[in-house]
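Enquirer: Below is one structure. I have some questions about it.
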Amino acid sequence: MTRISMGVLLLLWLGFVHVTGLYLFTGGFLLTRLALTDVTAPNDTLPPTHSRAIVLIIDALRFDFVSPDTPLPASPYHHNILTLPAQLTAKYPRQSFLFNSYADPPTTTLQRIKGITTGSLPTFVDLGNNFGGSSIAEDSIIKQLTGAGKTCAFMGDDTWMSVFPDSFHPNLTFPYDSFNVEDLHTVDNGVITHLFPLLEDKSEPFDFVVGHFLGVDHVGHRVSPDHPSMKAKLEQMNEVLTRVVDSLDDDTLLVVLGDHGMDSSGDHGGDDILETSSALWIYSKGRPLSSNSPVPSGLVEYTTFPGAAVPHRRIQQIDLVPTLSLLLGLPIPFNNLGSVIPELFASTLPRALSLNSAQIHTYLQTYRNSPSGKELDDGWGNLRLAWDAISSTTTNSEQWLIAHSNFNRVALSECRSMWAQFNPIMMGLGLALLSIGVLASWGLYTRVSQADHRWEDNIAHKLAMAIRGAAAGTTLGVLAFLLLEKYLRPHGIDALDLVLFSAPFFSCVLTLIASPLQLPSSFHEVPFVLAIHAISFLSNSFTFWEDRIAPYLLLTTSLFPAILTGVRAPTSRLRRRILGYSAIFAICVRFMGYYSVCREEQQPYCHVTFYSQSTAPEHIRILILPFVVTVAYAIDKVFLGTSKSNGGMATLWLNFILKPALLLGSLSWILEWVDTTGFWGDDPMVSSVIRATRTWFARIALGFLMLPGAWLWWREPLCIRVQKGEEKQAGKQQVQILGFGNAFGAPYLLFYTIFLIWVWFSSQLTGQVVLGLSTIAFLCYLEIADGVKDVRELDEAFESGRISGLVDGKSHGNADASVASPPPEVAKLRIRFNDMMTISLLGIHTFYATGHQSTISSIQWKSAFVLTPNVTYPFSPLTVLLNSFGALVLVGVAAPLLAVWNREPKPVLVGNPRERTDASEQAGTDKQDPNPTSLSNLAHHETTVAALGVMIYFSVLLLGTAISAAILRRHLMVWKVFAPRFMAAALGVLVVDVSAIVGVGLGLSRVAARVEEVFKGVVG
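As structure tokens, then:
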């Protein structure tokens, strides 16, 4: 088996441990609730007040869009634009009702559709279904309508088709693509096109119509709520509602609502007050919905909206389900937890509340008798007390009404707490596996990082031990399940779970036996920074301020030792090199920190600088193109030019691949800004030309440039050129190989830029500036780390007396002293764990600076439309993933560069010569190493160590977030802070693992193979 495959197998093994640990922990931590399929009996209802209803959903309709008494001063465009609901509520107080409705998080469209049709609560993990929702199996108002033989029509967001695929009349169903956030009008125009003919044609029968508009939501995602486009879109919605009201008859009930709100940047998904505060308007044109008698104050709730002067009536969004069901004469859906809105029931309010509380009580009793019934144990006492309070009061009295309402709200509160449900056994197994995986990987790191010419044999031995442990663990897992199933019957765990735990667990145990933990050999190897970073996740404050902590750790802890080394460097050239690049590194990191997005918890101490008006601040749009040229020039003339490695493939790649691709990537987003802001007017033809142009910019760069470029790199990755000398000896002309001193690093840097281009294209203009600064900072650190290595080698040479004098530089032009070449057998690895910590922290800092947070609402959906104007698989999910986690992709791919930067292709052996001789004698072989002239042996060795180091860093962060989520699972902010950070850490580990394996197994493998082919005969 080849050297590179051994290193990759080691990394694959560690990746498998991470995946299985994640699977087990998430299986216990992020559970979904049990959806009961029972259906409420059809006779449990009231006489209908209306025979049919129109439900119009204006996606992301925030409450301040429709209520004139709650203006927000910071929003100049959307104030009081949607005025009709407030006007009619003031004019017809018994027929028009306007509410601030609370939408349970996660505030993603699929979860809210489930809530407003079933009355049930979403769970945190359900948000992932927003991109491929399955049909709703539980009882819903749609199921009750179809069961009663009613005709249902639908038009708008096609998400409804995934949850109710067969519920709407086939001739009255008009779905439209929902994820093209750049299209502000197609869905809305489609709803309008099909809605009004249905309302105006009296011969067209319908009982229930759902119209789901998306324009408001798409404006928010694309250009923010404060953009003039929001004003135009809300004016259009106001005109639509006016026309709908004019078309209503007295027997039709109108319901208008937002499925969720949107935050100040136009996004949603989390639990910010602007995301969860949506509007609900219910209007009856002919029949009063309430009496003149006031509703008991104990049945109503008020809240003051942010920026409002007075409180306003507030309900739960799921309250619409029992209310609308009873008004239409339908039973309340079985799984409902909402409570009827008392203002909408006149003399029937006692009966409505009684039916409502009975339905919820029946549901809870049925749930308690289900396999998941133990989840109710903690709250059952409170539920019993609330239910018993009903029978202890006088029937139909005000206290009796309040007791019914109180039971409904207690049930809702207990269920909200209950569905933060956990399986402690699965969580414990996952934590145990992640913990021992960290220990085993650290033991491997300390052993593999030691200079040993037989490092491949050591890895093979440890992998063999791991395989034996996995085989034994599989057997033990199956036996354990059989015993537990026979005697204990554990809930929520099966044979696969036990096998997936025991196989990697015992694999790690045997690996630890083969590679016991060792104390760090020097202070530089003590992972203080990593320990501090991981422990910080136990604090909610440190967790949501991580974007400020990461650059602090990066500059003060990781860079500080390098500066100390630079100050005491033995030559002025080394001092200038280390301190100069350290200054540039610090400046880049500091400027990166200027750009940020803010979490709700960071207010009022955080100011959003990543967005300004639309896509990016004004100065970025002006300076982005010269900045791109500057970054490309720095790579060419400075970082590759210093070692004369900008020849060969580098010349072709930099001039005809990298520079054009980066420029086209920036031009594409500039055109997106032009199209978004209407810079050239609102002409649809101009907009379509711009859209096509920027799409083809991306396709040309990533297709016509990248694909043949990558093929050329694979054929000849080396960045060297031969320079002929003038002197001749014995008829031979002397030649000089330029780029020899960086023969490994330069071609691998070109491989790294392949991924940089992809991430660059997926990032908005501000993100591209951050990526450019991050790239320069990373390349500066390569020079810093290489300079520190030179200082270390000089110090060792001084101590051993091997100094032969000072020169202007060695073959790659970066060193300051000519050290008498040590015997190959005493060569040492030149990287330290501190180096891997630095690039890991730089990646995390880049993640935050490119406009991301560990929150759902920070996902930049615009990136889905880089390559195509519509959502297209797999390109749209890929570009969103690269936009979100591209910084960590670059960390994994960059790790091997730490090992091979300025690495000459020399035949080296590592380890102690006496140990090698003794080993050879014991093996009965020649004392000479079997492969003494391998040019890439050390490069293979160090890249494996570097990749292992970054994987360890992110796995420790994962363990820290998992422990914090487990310990603080009953914390008030678990779903707001700790769970999202754990999920971000989980995705981060997977991204880093895959990219590091690709870097070592694909990029370095090809570079090393080509170096061997070209130089083995010359150097060997």
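Position one of the sequence shown corresponds to residue 24 (the working numbering), numbered consecutively onward. Here a beta-carbon is modelled for each residue, glycine too, at the ideal position from N, C-alpha and C.
Are the beta-carbon atoms of L805 and G866 separated by less than 8 Å?
Expert: No; because the gap between Cβ atoms is not below 8 Å, this pair is not in contact.
Enquirer: Less than 8 Å between the C-beta atoms of L277 and V268, yes or no?
Expert: The answer is yes: Cβ separation under 8 Å.
Enquirer: Take L297 as the anchor and find which of S316, E324 and F328 has the nearest alpha-carbon.
Expert: Nearest C-alpha to L297: F328.
Enquirer: Could you check the C-alpha separation between E479 and G30 for me, to the nearest Å?
Expert: The straight-line gap from Cα to Cα measures roughly 8 Å.
Enquirer: Leaving out five residues on either side along the sequence, give the residues of the same chain with a beta carbon under 7 Å from the beta carbon of I713.
Expert: Taken in chain order, the residues that qualify are L694, V697 and D698.
Enquirer: Starting from the Cα of G688, find the closest Cα among I164, V651, S395 and G664 and give me that residue.
Expert: Comparing Cα-Cα distances from G688 to each of I164, V651, S395 and G664, the minimum goes to V651.
Enquirer: Looking at the structure shown, is W568 part of a helix, part of a strand, or coil, going by DSSP?
Expert: Note: W568 maps to coil in three-state DSSP.
Enquirer: In the DSSP output, which residue or residues are listed as bridge partners for N123?
Expert: Paired residues: A302 and R337.
Enquirer: So what's T196 in DSSP terms, helix, strand or just coil?
Expert: The answer is strand: DSSP assigns T196 an E or B state.
Enquirer: Looking only at C-alpha atoms, which of S288, I601 and G213 sits nearest to H630?
Expert: Of the listed residues, the one whose Cα sits closest to H630 is S288.
Enquirer: How far does the alpha helix (DSSP H) with M615 in it extend, from its first residue to its last?
Expert: Note, M615: alpha helix (DSSP H), S595 to M615.
Enquirer: So what does Y325 bridge to, in DSSP terms?
Expert: Per DSSP, R336.
Enquirer: Please report the distance separating the alpha-carbon of S370 from that of E258.
Expert: Whole-angstrom Cα-Cα distance: 38 Å.
Enquirer: Can you check whether the CB of S90 is closer than 8 Å to the CB of A109?
Expert: For A109 and S90, yes; Cβs fall inside 8 Å.
Enquirer: Assuming L207 and G243 make a contact with CB atoms under 8 Å, what is their CB distance in whole Å?
Expert: Rounded, the Cβ-Cβ distance is 10 Å, inconsistent with contact.
Enquirer: Rounded to the nearest angstrom, what separates T63 and C438 at their Cα positions?
Expert: Their backbone Cα atoms lie some 20 Å apart in a straight line.
Enquirer: Can you give the Cα-Cα distance for P1003 and T878, rounded to whole angstroms?
Expert: For P1003 and T878, the distance between alpha carbons rounds to 6 Å.
Enquirer: Is there contact here, the segment 37 to 49 with the segment 970 to 981, by at least three beta-carbon pairs under 8 Å?
Expert: Yes, since at least three Cβ pairs between the segment 37 to 49 and the segment 970 to 981 fall closer than 8 Å, the two stretches touch.
Enquirer: On the DSSP bridge assignment, give the partners of Q118 in chain order.
Expert: Partner(s): none; Q118 has no beta bridge.
Enquirer: Looking only at its own chain, which residues have a Cβ that is under 6 Å from the Cβ of A922, when we skip the five neighbours before and after it?
Expert: The answer, listed in chain order, is I854, E965, T966 and A969.
Enquirer: Which residue from P447, S348 and R622 puts its Cα closest to that of G874?
Expert: The option with the nearest alpha carbon to G874 is R622.
Enquirer: Which whole runs of the alpha helix (DSSP H) in the segment 991 to 1029 are 4 residues long or more, in chain order?
Expert: As far as the segment 991 to 1029 is concerned, its whole alpha helix (DSSP H) runs of at least 4 residues are 1002 to 1021.
Enquirer: Assign P953 to buried or exposed, taking buried as 16 or more other Cβ atoms, counted over all protein chains shown, within 10 Å of its Cβ.
Expert: Caution is warranted here: a pLDDT of 42 is assigned to P953, below 50, making its placement in the model unreliable, and the coordinate value is therefore given only provisionally. Per the 10 Å Cβ criterion, exposed.
Enquirer: Kindly give me the distance between the Cβ atoms of R744 and G664, rounded to whole angstroms, as I take these residues to be in contact under 8 Å.
Expert: At roughly 13 Å, the Cβ-Cβ gap does not stay under 8 Å, so R744 and G664 are not in contact.
Enquirer: Between the Cα of R571 and the Cα atoms of A176, G616 and G603, which residue gives the shortest distance?
Expert: The shortest Cα separation from R571 among A176, G616 and G603 belongs to G616.
Enquirer: Over what stretch of residues does the beta strand (DSSP E) that includes M178 continue unbroken?
Expert: Segment C175 to D180, the beta strand (DSSP E) holding M178.
Enquirer: Helix, strand or coil: how does DSSP classify G51 here?
Expert: In this structure, G51 counts as helix in the three-state DSSP scheme.
Enquirer: Quick one: what does DSSP say T417 is sitting in, helix, strand or coil?
Expert: If DSSP states are grouped into helix, strand and coil, T417 belongs with coil.
Enquirer: Using 7 Å as the cut-off, classify the Cβ of E508 as near or not near the heavy atoms of the ligand GDP, replying yes or no.
Expert: The ligand GDP is not among the ligands present in this structure, which contains no ligands whatsoever.
Enquirer: Which of the three DSSP states, helix, strand or coil, is assigned to T275?
Expert: Looking at T275 - three-state DSSP - the assignment turns out to be strand.
Enquirer: Which ranges does the alpha helix (DSSP H) cover as unbroken runs of at least 4 residues, wholly within the segment 657 to 714, from first to last along the chain?
Expert: 672 to 676 and 682 to 700, all fully within the segment 657 to 714.
Enquirer: In or out: D294 buried (at least 16 other Cβ within 10 Å) or exposed?
Expert: Label assigned to D294: buried.
Enquirer: If you follow the alpha helix (DSSP H) that R245 is in, where does it begin and where does it stop?
Expert: First-last of the alpha helix (DSSP H) with R245: G238 to V246.
Enquirer: Select from L905, T418, H484 and Q746 the residue whose C-alpha is nearest the C-alpha of F763.
Expert: Of the candidates L905, T418, H484 and Q746, the one whose C-alpha sits nearest the C-alpha of F763 is Q746.
Enquirer: Rounding to the nearest angstrom, what Cα-Cα distance links Y871 and I777 in this structure?
Expert: Approximately 22 Å between the Cα atoms of the pair.
Enquirer: In chain order, what residues of the same chain lie with their CB nearer than 7 Å to the CB of P731, ignoring the 5 residues before and after it?
Expert: So the list is empty, once near-sequence residues are dropped.
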